[in-house]
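Going by my numbering, 241 is the number at position 90 of the sequence shown; the sequence numbering is gapless.
The beta-carbon is built from N, C-alpha and C at its ideal position, and this holds for glycine as well.
Keep in mind the model is a prediction, meaning the values are calculated, not measured.
Comments concern the structure below.
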Amino acid sequence: YYLYFRKTVIFRHFGTVRHLTGILKYWLNVTVPERWIGCKGPNDRACYAWPPRSPDLTPCDFYLWGFIKDHVYVTPLPANLPELRNQIEAAVATITEDTLINVWEELGYRLDVCRVTNLSHIEHLLGSW
């Protein structure tokens, strides 16, 4: 399993810089060199630098939150927290496998745009979800 992990998985760390501690970066550099994406320094062995807090590259930001809001904030609005929770759970339950595949493909497209533009601003190049 360990060798399979090292050869097939690309670890993506997209949290804030303070969540990427020296210990974690050391582990990534030793365990999965050239197979992780994140905020990297000059001595790190990441395959790509990941811009911190990039909503264009985070599926929850470019897809999920808008999808949930569109399904939850409809009339009649939830009157209390249990109703809000129920509507959120119902919205999540409507996400299909095909939708997740489309989100994954969109992420690939967005990563390609970042590579082509050398990680510059890409908002104007993206369509709306």
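> Tell me which same chain residues have a C-beta within less than 8 Å of the C-beta of Tyr260, skipping the five on either side of it?
Replying inline: In the sequence shown, counting from the first residue as 1, residue 260 sits at position 109. Closer than 8 Å at the Cβ level, and outside the excluded window around Tyr260, lies no residue.
> Taking the alpha-carbon positions, what's the Ile219 to Pro233 distance?
Replying inline: One-based indexing of the sequence shown puts residue 219 at position 68. One-based indexing of the sequence shown puts residue 233 at position 82. Going by the C-alpha atoms only, they are around 16 Å apart.
> Is there at least one Cβ from chain B nearer than 9 Å to Pro229's Cβ?
Replying inline: Here there is only one protein chain, and chain B is not present.
>> Tell me which residues share the same chain as Leu251 and place their Cβ nearer than 8 Å to its Cβ, disregarding the 5 neighbours each side in the sequence.
In response: Along the sequence shown, one-based indexing puts residue 251 at 100. Nothing listed; no residue qualifies.
> Hey, out of Pro227, Tyr224, Leu262, whose CA is closest to Ile188's CA?
Replying inline: Numbered from its first residue, the sequence shown carries residue 188 at position 37. Ranking Pro227, Tyr224, Leu262 by Cα distance to Ile188 puts Leu262 first.
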